[in-house]
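Here is the structure we will look at.
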Amino acid sequence: MTRSLRRLGVTAVLSLVATLGLAACGSSDEDAAGSGSTAGAAGGGSAATQDLLQIAYEGQMGTPPTTPTTPAEDVELWAISCGEQIPSCATPTAAVQEAAEAVGWSVRLCDGKLNPNGWGDCVRQAVSAGADVVVPVGIDCASIQQPFQEAKDAGGTVVGAGGADCDAVGGQPLWASERLQLEDMSVQESFELQGKLAADWIIGKTDGQAKVLHLVFTDPLWGPWLADGFEKEIATCADCEIVGTLEVANNDVMTGALPQKFSTALLQAPDTDSVFVPLGGWMPAGLAQAVVSSGRSADLNVISGLGNVANMELIRSDGGQDAIVGYPTQWGGWGSVDTAIRVLNGEEPLVQGDGFQVVDAENGLPPQGQDFEPVDFRAAYQEAWGV
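As numbered in our numbering, the sequence shown has no gaps in its residue numbers, which increase by one up to the final residue, 377.
Here is the structure:
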C-alpha cells in the first residue's frame, strides 16, 4: 500500500535497537535507523530476535506529571467519543468523564458513532452549549477541521485525547493542545512506536520467520501511522514477510462486515503465522471468534494495538488473541484532563507519561478482571491537583 505520510522517525526505541546490532533483522546501523533497506540473514532462535522480544516487553512508559496545579472552578467539559459501541472509544471517554468529575467539573458525553458527521455534530453541539473545554477522544483535527475551527472561533478550549491537531498534516493548529504522551515524541511517532513494538513481538515470537496478515485502519489519520511503524520494522527482518493486507474502515465495524472480511483474508493467506490488528476493540467484536473458528488459533501469533480489559481476558483464556501493545487507556483520559487544567490556567502542558509495552500470557498480564494500569495514575493526578 502506498502512503505519502512520512516513515517512522528515529525514537529512543529505535536507537536501542540499533545498539543491539540486530543480525536477524538488518545488518547495519543504517538499516536499524530506518533506511528502508533489508539486509542480513534471519537466524531461527537467534539472540537478536530475542532482544527484539525483550524490547517489545519493556516498551516505553513514563510517569504522570507531579508539578502541582489548581483546577479552575465552574468548568463545563464535553467529552466527544469516537464511538461508544467499541471499547477503544468508550473506555477512554469514560476516563475523561471520571477525571473531570474528580475536580468538580460539569461533564457531558456526546457519542460520535464512528462517523465524522457524528463527530462534527458533537463538536457543534458543545460549542452551541457554551462548553469551556471540548475533548475529542480518538478523533483527529483533520477529520472534522471546520467544526474545530468553529470551536476555536467561539473561544472554546479543545484538548486532544489520542488524536493529532491539524498541523500534523500541514494545516494550522486549531486545538489548545494535543495530549503529550512521551518525552520528545509527537502524536505521529507515538502511533508509529505502537506498530513497531507489535512487529518486534511478532519477529521475536517467530524467530525472524514471520508471515503476517496485516490489518490497516484507513479512516483515522493515525491508522496509516500505526501501519507504517509496523511495516517498517517488519521490513528490517530479512526472512519476514507481509503475506496479506486487509484495509478496514469504521463502516466495516458498524455494518458487522468486519469478521467475515477478516475470515476471508485468513483463508486467502494460508501461509500466515501472525496477525496484527490495529484496534483491540475489534477483537471481542468478532475477530477473536473468527480466529478460533478458523481452526488455526494454535498456529497464529495474534497481536492487537489499543485495547482494554476484554483483550486481556482473551489473552488469558486463549480466546483468539495472544498479545496486545498494552496501553493504559484510562491514564490517557486523565492525562487529557490534566492538560486541560493546565491550559485553562495559562500553564504549559506537561508530558503525561502514558506509554506502551507489549503484554502477553507470560509477560505483564494484569490480574483477572483488571485493565492494564502499570502505575497508580489516579492517585498521582489527584495529588498534583490537590483534590
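Ideal Cβ positions, reconstructed from N, Cα and C, are used throughout, including at glycine.
Non-local C-beta neighbours of VAL377 in its own chain, meaning closer than 8 Å and more than five positions away in sequence, comprise PRO61, ALA92, VAL93 and GLY94, ordered along the chain. Remark: fewer than three beta-carbon pairs, one from each stretch, lie closer than 8 Å, so the stretch 201 to 210 and the stretch 296 to 303 are not flagged as touching. Exclusion of the five residues before and after GLU363 leaves PRO318, GLN320, TRP321 and PRO356 as the residues of its chain whose Cβ lies within less than 8 Å of its Cβ. For SER264, the beta-bridge partners assigned by DSSP are VAL202 and ASN291. Distance between SER253 and SER96, taken at the CA atoms: about 44 Å. In this structure, the alpha-carbon of GLU168 lies about 43 Å from that of GLY285.
Per the coordinates, the alpha-carbon of VAL265 lies some 16 Å from the alpha-carbon of GLN250. Within the same chain, Cβ atoms closer than 8 Å to the Cβ of VAL124 are found at LEU67, TRP68, ILE70, VAL113, ALA116, VAL117, ALA141, GLY146, THR147, VAL148 and VAL149, the five residues on either side in sequence being excluded.
Counting C-beta pairs with one atom in each stretch, the stretch 173 to 189 and the stretch 211 to 228 have three or more that are closer than 8 Å, which means they touch. Pairing ALA158 with ALA189 gives a Cβ-Cβ distance that is not under 9 Å. For VAL233, the three-state secondary structure derived from DSSP is strand. Excluding five sequence positions before and after VAL315, the CB atoms of its chain that fall closer than 6 Å to its own CB belong to GLN184, LEU187, ALA188, GLY295, PHE346 and VAL348, given in chain order. By the CB criterion at 9 Å, SER326 and VAL86 fall inside the cutoff. The bridge partners DSSP lists for ALA116 come to none.
The distance from the Cβ of ASP289 to that of ALA200 is about 13 Å, inconsistent with a contact at the 8 Å cut-off. Cβ-Cβ distances below 8 Å link GLY110 to ILE134, GLN136 and PRO137 in the same chain, with the five nearest sequence neighbours on each side left out; the list follows chain order. Under DSSP, ASP101 forms a beta bridge with SER71.
Its chain contains GLU74 as the residues whose beta carbon lies nearer than 6 Å to that of ALA80, once the 5 sequence neighbours on both sides are disregarded; these appear in chain order.
In this structure ASN107 is exposed. Its beta-carbon is surrounded by fewer than 16 other beta-carbon atoms within 10 angstroms.
Only residues of its own chain outside the window of five on either side were considered, and among them THR59 and PRO61 have a CB closer than 6 Å to the CB of ILE331, listed in chain order. Judged by DSSP secondary structure, GLN347 falls within the beta strand (DSSP E) whose first and last residues are 347 to 350. Here the C-alpha atom of PRO274 lies approximately 9 Å from the C-alpha atom of PRO77. The beta carbons of ASP344 and LEU172 sit closer together than 9 Å. Under the DSSP assignment, ALA313 falls in the beta strand (DSSP E) whose first and last residues are 313 to 316. If you draw a straight line from the Cα of GLY297 to the Cα of ALA84, it comes to about 14 Å.
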